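For what it's worth, UniProt numbering labels the leading residue of the sequence shown as 1, then goes sequentially. Here is the structure we will look at.
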Amino acid sequence: MRRWSMTLVQKIWFTISVGVIVTISFSYFLSHYFYQKLYVDNVEKMLMEEGKNLASDYHGGPITEQYRKQVEWYNEKSTAEILLVSNPRELSACLPFHIDYDSLINEEDRAKLLKGEVVTKVGFEERFGRQIMGVIVPLLDEQRLEGVFYLYIPLASIQEITTEVAYIWIPIAFVFVFILLIAGKMMADRIANPLKEMEAVAYKMAHGDYKTEIPIRSNDEIGRLAKAFNIMAKAIAEEDMRKKEFLANVSHELRTPLSYVKGYSEAILEGIVQTKQSEQKYVKLIHREASRMERLVHDLLDLAQLEGETYPLQKVPLVFSQVIEDTLEKYEPFLQEKNILLTTELNPEIIIEADYDRIEQVIHNIVDNAIRYTPMGGNIHIQLEQMNERDCQLVISDTGKGIPKEKLPFLGERFFRVDKARTRSEGGTGLGLAIVKQIIHLHRGRLYFKSKEGKGTTVVIELPTLNGEWEE
C-alpha cells in the first residue's frame, strides 16, 4: 500500500496554517487574560475600596437611620449598587434579583467577615444576562457582626469591551491573514520551483544530458544551491567527457599494438614467413608491441591508484639531493651513448618529507624524457635550490628540440603527446607526465614547464621542505 506523503509546498502551507491558528488562539487567550487582569480585577478593587470607605464611617453600636440615609445618598452617586443589611443571613432576600448560588453568605464566609476580611462573590444573573460581581464588607462592633455592606455591579462582557476595537481589528486581521497566505504561496513557489527545476535537470543528467542549467534568480540558500548544482553538472559533464576521451585513447593506444601482434602472429601461424630470419624478426616485433601494452597497462593502473583520494604515501624525511644523485646513476650508460653532458647544482641541505619511490619515479620520468628528446652531444642541467623558508625548487633543463608554446598548457594530460608519431615509435605511453603531475600534487607541490622551440625545455618542480623544522 502506497503511503501518502506531503510535497514541500504542502508542508509550507501546513506550517503557515498552523502558524495562523496558533496566532489566533494565542490572541484569544491573551484577550481573556487581559480582560481578567485589567477589567475584572479593577472592578473588584473599586468595589472593595468603596465598601471600606463606607465602613470607615461606622463607629460601632446599632446601625442608625441617619447612617442608612447617608449610605442611600452615596448609593445614588455610585456606579455600583450598595445594600446595607443589618442581618447578613437575610442578604439573599434583600437582593432585587435571584443569583444562581444557594447561600450568598455561608459559614466559611461568615467566619471571614468576623475576622474583618472582605468576601468577593461572582455569579450569573439572568435578568442582566451577564456575570455579577459582589463585594461583602463587614460592619463589626468589637467581635459582633452588626451588619454588612453588599456592593455589586454587572460585569461587562469581553465582547462589549472589545466591540469598538473589533471594528478596526477584524478587517485588519482579515487583510493580515490574506497577505500572509499570499506571501506563503509566493514563498512556497520560490522555494519549490528551483527544486523542481533541479529535479528535472537531474533526470536529464541521468540520461546523459548535461547541457541544461538551472537559472539563478536569487543569492540566498536556494540560489547558492542552484549555483552549486550547475557547477556540479558542469564538473560531471567534464568528467564524463574525460572518461570518454580516456576510453577512446586507451582503445586507440591498444588497437595498434594488438593489430601488430595479431597480424605478425597470423603470418607465422599461416606459414607466410618463409625464412627463420624473418620469423625471428616478427617474433621481436610481437615482443616489442607486447612490452608496450604491458607498460601502458602498468602506467594506467599506476595513474588510477595515484588519482584515488586515499592513496597511501610512505612519507619520510629525505635528503633531496641524495635521491636525485641515486636516480641519475642509472642513466650514465644512456648519457654516454648519446654523448650528453649532464651538470648538476644540488643543495645538500634541503630535506623534504616525501615518498622515496614516488619522488624517484618523478625524477626518472622527467630525466628519461630529457635524454630521449635531447640530440647527440646535447646538455642537461639539473639544479636544486632553496626558494624560501618553506619551499625548494628543482629545475631540469635540456637542449632538446623544445615544445610549441600553444602545447605547453596540455603537458601532463593523459595520452597527450607533442609529437605523437615519434613518441609512439619510441615506446612512450603518453602517461609519464600525467603520473608526475599527480605525484607532485599528492606531495602538495607545483609542476610547470618552460620551453622554446629549437632551444630546449625546462621542467620546474616546487616542493615544501622540512628545513625550518629541523633547524629547531
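Virtual Cβ for every residue (Gly too), placed ideally from N, Cα, C. Predicted model only: the values in this text are computed from it and were never measured.
Check this for me: beta carbons of residue i and residue j, under 9 Å apart or not?
i: Y320; j: L341; result: Reading the sequence as shown, one finds Phe at residue 320 and not Tyr. Cβ atoms of F320 and L341: not closer than 9 Å.
i: L140; j: G116; result: yes
i: I435; j: L313; result: no
i: L285; j: Q438; result: no
i: G445; j: S397; result: no
i: M198; j: F178; result: no
i: E50; j: S78; result: yes
i: D324; j: I382; result: Position check: residue 324 holds Ile in this sequence, whereas Asp was assumed. The answer is yes: Cβ separation under 9 Å.
i: V122; j: V137; result: no
i: M46; j: V118; result: no
i: Y74; j: L155; result: no
i: V43; j: I153; result: yes
i: I12; j: I191; result: yes
i: A233; j: V201; result: yes
i: E389; j: I350; result: no
i: E360; j: D326; result: yes
i: G377; j: K338; result: yes
i: K204; j: I216; result: no
i: L145; j: L114; result: yes
i: L411; j: N365; result: no
Which value, in whole angstroms, describes the spacing of the CA atoms of residue i and residue j?
i: L442; j: D355; result: 10 Å
i: E462; j: E353; result: 13 Å
i: I363; j: E453; result: 23 Å
i: R358; j: T275; result: 46 Å
i: P464; j: M387; result: 10 Å
i: D220; j: P194; result: 12 Å
i: Y264; j: L258; result: 10 Å
i: I222; j: E238; result: 24 Å
i: T344; j: R295; result: 30 Å
i: L254; j: V460; result: 32 Å
i: G427; j: E213; result: Caution is warranted here: a pLDDT of 49 is assigned to G427, below 50, making its placement in the model unreliable, and the coordinate value is therefore given only provisionally. Answer to the nearest angstrom: the Cα atoms are 43 Å apart.
i: D102; j: E81; result: Below a pLDDT of 50, predicted positions are generally treated as unreliable, and D102, at 47, falls in that range; no measurement from the model is reported.
i: F334; j: A370; result: 11 Å
i: T120; j: R110; result: 12 Å
i: L301; j: L318; result: 26 Å
i: T15; j: M133; result: 42 Å
i: K211; j: K244; result: 17 Å
i: F174; j: M186; result: 18 Å
i: K407; j: K450; result: 11 Å
i: H298; j: E289; result: 14 Å
i: M293; j: L431; result: 13 Å
i: Y260; j: L269; result: 14 Å
i: T64; j: F26; result: 53 Å
i: S218; j: R224; result: 8 Å
i: L54; j: S31; result: 34 Å
i: S278; j: H287; result: 14 Å
i: E332; j: V395; result: 19 Å
i: T23; j: G184; result: 15 Å
i: L447; j: A267; result: 46 Å
i: I272; j: Q336; result: 41 Å
i: I172; j: G208; result: 54 Å
Pull the bridge partners of residue i from the DSSP assignment, please.
i: Q361; result: For Q361, which the question treats as bridged, DSSP gives no partner whatsoever.
i: F449; result: V459
i: D398; result: I380
i: E345; result: Q383
i: P138; result: V148
i: S316; result: A quick correction: the sequence has Val, not Ser, at residue 316. In DSSP, V316 forms a bridge with A354.
i: G123; result: I132
i: Q143; result: DSSP lists no partner for Q143.
i: I153; result: M133
i: D209; result: Paired residues: none, contrary to the question.
i: D391; result: P464
Could you tell me the boundaries of the alpha helix (DSSP H) in which residue i lies?
i: P333; result: E332 to E337
i: R68; result: E65 to K77
i: T465; result: Per DSSP, T465 belongs to no alpha helix (DSSP H) and is neither H nor E.
i: K115; result: First-last for K115: undefined, no H or E at that position.
i: E325; result: F320 to L328
i: L84; result: From DSSP, L84 is part of no alpha helix (DSSP H) but of the beta strand (DSSP E) over E81 to V85.
i: N53; result: D41 to A55
i: K437; result: G432 to L442
Span of the beta strand (DSSP E) holding residue i?
i: Q274; result: Counting along the chain, Q274 falls outside any beta strand (DSSP E), and DSSP gives it neither H nor E.
i: I352; result: I351 to D355
Under 8 Å: does the beta carbon of residue i sit that close to some heavy atom of the ligand MN?
i: L84; result: Here there are no bound small molecules, and the ligand MN is not part of this structure.
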